[in-house]
Amino acid sequence: MRKFIKGEITMLFNKALILGIGLIGSSLARNLKEKKLVKTLAVYDKNQENLKKAKDLDIADIYTDNIKEGVSEADVIIFATPVCAFGKLAKDMSSYVKEGVIITDVGSVKQYSLREIEKYLNKNNGSIVVGGHPVAGTEKSGPENGFTSLFKGRWCILTPDENSTEEAIKRITEMWESCNMKVDIMTATHHDKVMAAVSHLPQLIAYSIVGTVADLEGYEHKEIIKYSAGGFRDFTRIAGSDPTMWRDIFLTNKQTVLELIQRFIEDLVALERNIRWDEGDKMFDLFKRTQKIRKDVIEAKQDQPEHEKRIMEELQKQQV
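Residue numbers 1 to 320, in our numbering, belong to the letters of the sequence shown in order.
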C-alpha cells in the first residue's frame with residue numbers, strides 16, 4: 001500500500017504510461033491521478049477521439065499518439081489495449097524504454113499477452129515484465145465510461161514469470177491495492193484456464209444465445225425487446241461488451257476455450273436428454289447444485305448486481 005512520509009504520500013512511480021484509454025485504462029488513470037500515485041501520467045491511444053475525450057475529462061498529464069513520447073522516461077508501462085495489439089506495441093516501443101522499466105498489462109489472456117510482450121520487452125533491454133489482470137469491468141467501453149471505484153473489492157490476478165523481480169511484483173501489487181483491489185498470484189497457464197471457465201465461456205454463450213433469439217423465425221423483434229425477462233436481459237448486457245476485445249480473447253485463448261465449448265456441448269446434450277425423457281430428478285439435482293454455486297458467488301461479494309449498483313452511483317456522480 002502507499003506509505004506516508006511527513007504527511008505526504010510517497011508516489012509509486014515517477015512517470016506512468018497507460019497504453020489504451022478505454023474503460024479499464026481510463027479507470028486506472030483516474031485512480032493513479034486522483035490518489036497521486038504518480039508524478040506524471042501519460043496516456044497513449046491511436047484513436048484521436050478517445051484522446052480528446054480523455055483530455056476533456058482531465059484524467060492524465062500527457063495525451064499522445066506518439067509511442068516514443070509516451071514511453072520516454074516512463075518507469076511503468078501498462079498495456080490496456082485489446083490483446084492482439086500487444087505485440088506491435090511492444091515492438092514499436094522496444095527502442096525507447098529505459099533500463100529497469102516495469103511492464104504490466106490488464107489483458108484477460110495471460111499466456112499470449114506475456115509471450116507477445118516478451119518478444120520485444122525483456123531482460124535483454126532492461127525491461128521487467130509482470131503480467132496482470134484486474135477482474136473488473138462493465139459492458140461499456142471508452143474513456144467516458146471509466147470511474148475510480150470500478151476496481152473496488154474486485155480481484156486482480158498477477159502472473160509473474162522468471163523475468164519478474166520481487167520488487168516489481170511488490171510495486172504492481174501496491175498499485176492495484178491502492179485501487180482497492182484484492183491481489184492474487186498464479187501462473188499464466190492456470191489463469192487462462194480459470195478465466196476460460198468463469199469469463200470467456202459465459203461470454204461466448206451470451207453472444208450465441210442473443211444471436212440465436214434474434215434470428216428466430218416467428219418472433220417479432222419488438223416482442224423480444226418488449227418482453228425480455230431477467231435472464232435474457234442479463235445475456236444482452238454481457239453480449240453488449242466490446243466486440244474487438246472479445247474477438248481477441250477468443251482467438252488468443254483458443255485451445256482452452258475450445259475444450260470448454262466441447263464440454264458445454266456434452267452437458268447441454270445430456271440436459272436435452274433429461275428433458276426429452278422426463279428425467280426430472282436429474283434436472284432437479286443439476287439445478288440444486290447450480291443454485292448452491294450462485295449462493296456462494298453472492299456470499300463472496302462478487303455478484304454483479306452489487307457491482308452494477310456501485311457503477312450506477314458513480315456514473316450519477318459524474319453527471320452532476
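Ideal placement from N, C-alpha and C gives every residue a C-beta, glycine not left out.
Source: prediction; values computed, not measured.
Contact annotation: the stretch 102-117 touches the stretch 74-86, with at least three C-beta pairs closer than 8 Å. Judged by pairs of C-beta atoms under 8 Å, the stretch 143-155 touches the stretch 16-31, as three or more such pairs exist. In this structure, the straight-line span from the alpha carbon of L251 to that of Q291 is close to 32 Å.
About 6 Å separates the Cβ atoms of N163 and N122, confirming a contact at the 8 Å cut-off.
A straight-line Cα-Cα distance of about 21 Å links E34 and E73.
In this structure, A197 is the residue among D285, V297, E217, A197 with its C-alpha nearest to the C-alpha of L258.
With a threshold of 16 other beta carbon atoms within 10 Å, H133 meets it and is buried.
No Cβ-Cβ contact shorter than 8 Å links L23 with A42. Nearest C-alpha to G131 among L37, I62, T173, T138: T173. Distance from the CA atom of V213 to the CA atom of Y44, rounded to whole angstroms, is 39 Å.
Here DSSP, grouped into helix, strand and coil, assigns Y112 to helix. Between L201 and the set I128, K282, S108, the nearest pair of CA atoms involves S108. The C-beta distance from G142 to K52 rounds to 11 Å, too long to fall under 8 Å, and the pair is not in contact.
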